[in-house]
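**Q** Once you've had a glance at the structure underneath, I'll fire off some questions.
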Amino acid sequence: MKVVYADNNATTAIAPEVVEAMQPYFTSEYFNPSSMYEAARSPAKAIEKAREIVARCLGGVAPEEVLFTGSATESNNTALFGTVQANPQRRHIISTSVEHPSVLEVCRELERRGHEVTFLPVDRQGNLLLDDYIHALRRDTLMVSIMLANNETGVIYPVAELARIAKETSPDIVIHTDATQAIGKLAVDLKKTLRQVDLLSFSGHKIHAPKGVGALFVRRGTRWRPFMIGGHQEKGRRAGTENVPYIVGLARACELAVDTVQDEQTRVRAMRDRLQQALEERVAAIEVNGKEADRLPNTLNLAIHGIEGEAILYELSRSGICASSGSACTSGSLDPSHVLKAMQVPFTAIHGSLRISLSRYNDDEDVDRIIEVLPEIIASLRKISPYWDNERNILKI
Ligand code: PMP
């Protein structure tokens with residue numbers, strides 16, 4: 083049975099071009115890039131070339147503004163803790179209630195340590211309310227950390243505008259954005275639209291590079307302190323022997339992301355829209371979470387009334403279809419998604435949430451297969467659901 087992989091916001095297949103670029107650094111070029119002998123110059127040079135490539139892909143920033151890390155989680159931790167440590171006099175942070183746990187939990191930890199955090203709410207579509215943001219901003223705000231796009235719903239946040247408003251309030255406010263789900267799906271340009279963003283995080287495994295490598299952009303002049311302390315790697319800004327093959331792979335994946343972003347915006351979007359429309363036509367009592375919001379082109383998050391997301395996933399998996407019932411980081415827990423809760427998705431639909439996320443490796447056949455299988459699964463689960471009859475009465479269908 084052909085597997086239909088539709089869980090690309092959880093992780094992505096590694097691109098063959100990325101595997102090829104990494105290969106020599108697993109085999110002949112294994113030397114520690116910090117070693118003094120001639121042989122170690124090749125991996126050391128490969129890291130610097132990768133840094134130049136990533137800097138170019140982010141809109142032509144300076145290579146020394148790019149740090150390699152072990153994940154977006156590490157980049158987010160570094161951005162927040164690093165900013166807090168360098169600026170002890172300011173204690174107010176603004177973030178949102180829909181961030182990834184690697185920002186949300188750091189903010190909660192900072193609250194426990196005496197910082198004041200404003201978690202902005204979102205509306206029913208997942209959008210922030212600009213008035214709430216403007217009200218929350220203070221001249222003594224230390225930083226704003228707001229994601230570029232949400233991993234569960236795909237909702238895009240207007241980070242360029244939010245940064246501009248913050249800098250008007252006080253040019254000292256540090257702006258961080260988690261761009262993990264945006265890279266490769268949207269144009270990300272730190273010289274143009276995002277020129278007021280100071281710190282930007284992303285990860286390899288969401289853009290067809292391996293898991294366990296990430297990057298953090300730190301704009302020159304940002305008041306910031308290193309988070310990983312130890313050796314002198316990355317000019318003392320991120321200790322730990324560099325993962326040369328993965329860094330090379332990340333850079334190759336960034337180049338491919340720039341080349342394919344148009345394909346995401348057109349072909350992948352068309353596939354997602356066709357899937358959305360077909361499911362809306364065939365299945366009663368489903369809602370597209372964030373339907374009216376500006377969304378990533380690859381993401382479809384559905385609230386399916388009257389049944390459990392886990393049961394749908396199990397049945398999809400038996401048909402060879404991989405999807406998700408929320409973010410992969412929170413699956414394994416029975417708590418409903420904090421993102422959908424923040425959007426006030428009704429309790430009866432929150433447990434039936436399903437996230438389908440496509441990539442450039444999906445094709446029309448994959449979409450056809452989901453359209454063929456999913457409505458049947460929903461119908462058969464609803465037949466045996468103790469909640470569905472009740473739901474039908476409430477929804478009058
Ligand atoms: N931020 C967002 C928006 C994400 O989707 C993820 C991955 N689920 C992360 C951060 C964490 O990335 P990593 O797995 O590289 O730590």
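Each residue of the sequence shown is one higher than the last, beginning at 83 in the numbering used here. For every residue, glycine included, the Cβ atom is placed at its ideal position computed from N, Cα and C.
(1) With hydrogens ignored, establish whether the beta-carbon of S184 is closer than 6 Å to any heavy atom of ligand 1.
(2) Please classify V89: is it buried, with 16 or more other beta-carbons within 10 angstroms of its beta-carbon, or exposed?
(3) DSSP three-state label for D445, please.
(4) Would you report the Cα separation of A269 and E193, rounded to the nearest angstrom?
(5) Does the Cβ of D417 lie closer than 6 Å to at least one heavy atom of ligand 1?
(6) Please specify which runs of the beta strand (DSSP E), each continuous and at least 3 residues long, are wholly inside the segment 349–384, giving them in chain order.
(7) When burial is assigned at 16 or more other CB atoms within 10 Å of the CB, is Y87 buried or exposed?
(8) How should A95 be labelled, buried or exposed, when 16 other C-beta atoms within 10 angstroms of its C-beta is the threshold for buried?
(9) What's the C-alpha gap between A410 and V427?
(10) What are the boundary residues of the alpha helix (DSSP H) that F429 is part of?
(11) Cα separation between G142 and G391?
(12) Just tell me which of A297, S157 and R442 has its CA closest to the CA of I129.
(13) Quick one: complete beta strand (DSSP E) runs, 3+ long, within the segment 224–295?
(14) For H174, report the span of its beta strand (DSSP E) as first-last.
(15) Among A168, S441, E458 and L244, whose alpha-carbon lies nearest the alpha-carbon of Q344?
(16) So for T412, helix, strand or coil by DSSP?
(17) Considering only their Cβ atoms, is the gap separating S435 from A385 smaller than 7 Å?
(18) Under 6 Å from any heavy atom of ligand 1, does the C-beta of A97 make it?
(19) Consider the C-beta atom of N371 and the heavy atoms of ligand 1; say whether any pair is separated by less than 6 Å.
(20) The alpha helix (DSSP H) that contains R437, what's its start and end?
(21) In the DSSP output, what is F150 paired with across the bridge?
(22) Please classify K465: does DSSP put it in a helix, a strand, or coil?
(23) Consult DSSP for T109 and reduce its assignment to one of helix, strand or coil.
(24) Could you check how far apart the C-beta atoms of I289 and A333 are, in whole angstroms? I think they sit under 8 Å.
(25) Measuring only the C-alpha atoms, how far is T151 from A375?
(26) Would you tell me roughly how many angstroms separate the C-alpha atoms of P183 and E120, rounded to the nearest one?
(27) Three-state secondary structure (DSSP) at Y87?
(28) Is the CB of S153 under 7 Å away from at least one CB in chain C?
(29) What are the partner residues of T200, as DSSP defines its beta bridges?
(30) Does the distance between the C-beta of A333 and the nearest non-hydrogen atom of ligand 1 fall short of 6 Å?
(31) To the nearest angstrom, report how far apart R437 and S116 are at their CA atoms.
(32) Given that a residue counts as buried once 16 or more other Cβ atoms are within 10 Å of its Cβ, and exposed if not, what is F284?
(33) Look up S399 in the DSSP assignment and say whether it is helix, strand or coil.
(34) Among L463, S462 and Y107, whose alpha-carbon lies nearest the alpha-carbon of A122?
(35) Start and end of the alpha helix (DSSP H) containing V326?
(36) Please check the pair E198 and H174, which I expect to be a contact at CB under 8 Å, by giving their CB distance rounded to whole angstroms.
**A** The short version:
(1) yes
(2) This sequence places Asp at residue 89; Val is not what is there. Around the beta-carbon of D89, 16 or more other beta-carbon atoms lie within 10 Å, marking it buried.
(3) coil
(4) 33 Å
(5) The answer is no for D417.
(6) 368–370
(7) By the 10 Å Cβ count, Y87 comes out buried.
(8) exposed
(9) In this prediction, A410 has a pLDDT of 45, which is less than 50 and means its spatial position is unreliable; what the coordinates show is noted afterwards. Between A410 and V427, the C-alpha separation is close to 19 Å.
(10) F429 to I432
(11) 42 Å
(12) A297
(13) 256–260 and 281–285
(14) H174 to T178
(15) S441
(16) Because T412 sits at a pLDDT of 47, beneath the cut-off of 50, its placement in the model cannot be relied upon, and the following sentence gives the value as read from the coordinates. The three-state reading of DSSP puts T412 in coil, since its state is none of H, G, I, E or B.
(17) yes
(18) no
(19) Result no, Cβ not under 6 Å from ligand 1.
(20) Here R437 belongs to no alpha helix (DSSP H); instead the beta strand (DSSP E) covers S435 to S439.
(21) A297
(22) helix
(23) coil
(24) Actually they are not in contact, since the Cβ atoms of I289 and A333 sit about 11 Å apart, beyond 8 Å.
(25) About 32 Å.
(26) Each residue's alpha carbon lies about 43 Å from the other.
(27) strand
(28) Absence of chain C from the displayed structure is noted, only one protein chain being present.
(29) I176
(30) no
(31) 43 Å
(32) Under this definition F284 is a buried residue.
(33) In this structure, S399 counts as helix in the three-state DSSP scheme.
(34) Y107
(35) V326 to D345
(36) 5 Å
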